Structure formats: C-alpha cells, structure tokens
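Residue numbers (my numbering), protein chains in the order written: chain A, 193 to 331; chain B, 193 to 331. All C-beta atoms, glycine included, are put in the ideal place defined by N, C-alpha and C. Predicted, not measured: the structure shown is a model, and the values here were computed from it. Worksheet: one structure, shown below.
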DNA sequence: CATTCTTGCGTAACGGTATAACGTGTGAGA
DNA sequence: TCTCACACGTTATACCGTTACGCAAGAATG
C-alpha cells in the first residue's frame, strides 16, 4: 500500500492534500493558521502556501472547515450537517483560544430580515464574538 | 502657521497622525486598507506602516473608525453617536465596495443572549454581511 | 483512438497585512 | 527636578495570501 503517487481520498472524495489539511484541523484543539498547517505538513511533503490554501478553499467551500475572519485562521466544523446551516456564529476566547460554534436560527432570521430591509443580497455572513470563555473568566 | 514640529489636534484632541488618517477615511467613499492610507499620506510625511496602524488603533478605540475584519480594511464611522452603539453590522457589497452600517438592537440583544447562555463574555463583536447591494443587483 | 476540458498539483516569485524592538521627545504631575 | 505616560519615527521582520507559470490525470466527446 501507500502508493504515494496516487490520490488517496480517504475521506469522502477528498484529494490527498485536502485530507492532509482536514486531518490537521480535525486533530487540532483550536484554530490553525494556513502557515501553521503548512509547517505541520512539511513532513508529508507539502512545501508551498498555495498547496494549503487550495485545500482550504475547497474544504471551506464544501462546509467542512470554517474561516475565522477576525483571526485569519481556520477551524474544522464541529456540527453534524454543517453544509445546511447557513449562518454560524463563533465565540472565540482571546485567552485560551477556544472556539465555540453557535448555530442559532434567531440570528439567522434577524440578519436575513435586516438584509431584506436594505435590499441587500448576502452571499456570506460572518458573526464572531471575541471575548472570554466560561473557563477563563476565573482569571 | 504650519509649524510642522508641533501637534495640531484639529479634531477633538486627535494628534496630527490621527487626524491625517481620520481625514483620509472621512473623505473616502469606501473602506481603505492601512497601506492605501499610508500611500495617500506619504505626501504629508508619513513613511512607515506603524504610523498608520497606531493612529488606526486609537481611532478604532475611540469609535471613530471601524475595522472590517473580512476585508482587512477600515471605514470612518457614519453614525452620530457611535461610541454608544455596542454592536454594529456591516453590509459590504462585493461588487461596488459600498459599505452600509447597520445598527439593529435586535441583533445586539440576540447576540448578548447567546453569549450569556454560553457564559461567554464578549469584548468585541463582528457582524459582516458580504454580498450584493441594492444597486448592484441589476448586474 | 485523438481531442478537448476540467480539475488538481507543484514551483517560484511576489505583494499585502501587521508587529517587534529599538530609541526620541514632550507634557503632566509628584 | 524627576519620573511617568504617551505619542512619535525608524528599521527590520514576521505573517498572510495571490499571480502566473506549466504539468498530469481523468472524464467526456467525436
């Protein structure tokens, strides 16, 4: 086995690079930057940022990964059927780095209403809370 | 006049660099990146990114400027008493670049409720809609 | 089979975004 | 006078992301 010239789509049709990146994100406890992922995957042969960015683009597109705009970093999606959830909010702890994924229909509804009132057609929505998580408030 | 060695806080206690940056943002039709601002202010003697970033930090802190996380850019605040408005949403047109500033108490309330439910203490909240504005939908 | 299209890959070079680590100057207040 | 806080200026560097190439493999088609 391990014919390293052939694609090995171990996860639902992902290419080699895509599954390498996906694995790093899935195993990580928090968000990772593209360059951190690159460094972790050098041992697997990745050399250039573009290899990571292309994989990330695809993973974000199919909903397996989220981009955190306020962090310039990426997290694996933790929700079961994430593709279906349109709007997701993130609670990002600035102290421990923990990220909670929150899917609340009320937010989605309100944002849709606001957009409609302004006759604005949203393509992508970003909702990120930066602050202190429950466990870090003791400090 | 024009003693260029002294601070000239022409706007409510702003320093020279801060008011230079503020003026660029106030005159711009859309968001500006820090480096765009720097280029525009070279004629006024600014040379290094840090001069702009420090001014931006302060202006954001006092609520005269907003940072658009999904764009890595900055806009002047268009609301009258912006400091008081905790949560502001932005509708950013990906076609014409127009940015609408939306202050809706419902969103603010929902986000607060969500945070409280998760025992999360928010410090800063980002809500950005990317899409097509009313005028650009014709295309 | 030959052709074309599409998709992913690999590399090099580059451009855009942001901060670290110095040191200087000035005004407020002990 | 002596700090202390704050803004400033400079250099260098780190971090984030894309452009522009060309190659390879599989699917679709004639």
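Residue-level contact check: residue 296 of chain A touches chain B, since one or more beta carbons of chain B fall below 8 Å from its beta carbon. With respect to the 8 Å criterion, residue 294 of chain A and residue 281 of chain A are classified as neighbours on the basis of their beta carbons. Contact between residue 247 of chain B and residue 213 of chain B holds, with the beta-carbon distance rounding to 4 Å and staying under 8 Å. In summary, residue 236 of chain A is exposed, with fewer than 16 beta-carbon neighbours lying within 10 Å of its beta-carbon over all protein chains present. Against chain A, the beta carbon of residue 308 of chain B has no neighbour under 9 Å; the closest one sits roughly 11 Å away. Under the 10 Å beta carbon count, residue 269 of chain B is surrounded by 16 or more other beta carbons and is classified as buried. Taking 8 Å as the threshold, the shortest C-beta distance from residue 324 of chain B to chain A falls below it. By the C-beta criterion, the segment 317–328 of chain A is judged not to be in contact with the segment 223–240 of chain B, since fewer than 3 inter-stretch pairs fall below 8 Å. A straight line joining the alpha-carbon of residue 331 of chain B with that of residue 308 of chain B spans about 42 Å. Here residue 261 of chain A has 318, 320 as same chain residues with Cβ atoms under 7 Å from its own Cβ, once five neighbours each way along the sequence are excluded. Residue 263 of chain A is a Cβ neighbour of residue 223 of chain A, given a cutoff of 8 Å. Counting only runs that start and end inside the segment 255–315 of chain B, the alpha helix (DSSP H) elements of at least 4 residues fall at 297–309. Residue 217 of chain B and residue 300 of chain A have their C-alpha atoms roughly 31 Å apart. The three-state reading of DSSP puts residue 318 of chain A in strand, counting E and B together.
The alpha carbon of residue 279 of chain A has as its nearest neighbour, out of A:296, A:256, A:286, the alpha carbon of A:296.
Per DSSP, the unbroken alpha helix (DSSP H) holding residue 232 of chain A starts and ends at 226–233.
Using a Cβ distance threshold of 8 Å, residue 257 of chain A and residue 267 of chain A count as a contacting pair.
CA-to-CA, the gap between residue 316 of chain B and residue 242 of chain A works out to about 31 Å. Contact with chain A is found for residue 286 of chain B, since one of that chain's Cβ atoms lies less than 8 Å from the residue's Cβ.
Annotation for residue 208 of chain B: the continuous alpha helix (DSSP H) segment containing it runs 208–219. Against residue 299 of chain B, the close residues of chain A are 299, 302, 303, 306, in the order they occur along the chain (beta-carbon pairs closer than 8 Å). Counted as a single uninterrupted DSSP element, the stretch harbouring residue 326 of chain A is not any alpha helix (DSSP H), since DSSP gives it neither H nor E. Contact with chain A is found for residue 281 of chain B, since one of that chain's Cβ atoms lies less than 8 Å from the residue's Cβ. In the structure shown, residue 241 of chain A falls within a helical segment according to DSSP collapsed to helix, strand and coil. Check the Cα spacing between residue 291 of chain B and each of B:304, B:271, B:303: the tightest is with B:271.
Contact check for residue 249 of chain A and residue 302 of chain B: beta-carbon distance about 31 Å, past the 8 Å limit, so the pair fails to qualify. Residue 271 of chain B has a beta carbon lying at 8 Å or more from every beta carbon in chain A. Distances from the CA of residue 304 of chain A to each of B:209, B:298, B:234, B:225 were compared; the closest alpha carbon is that of B:298. At a cut-off of 8 Å, the C-beta of residue 253 of chain A has no neighbouring C-beta in chain B.
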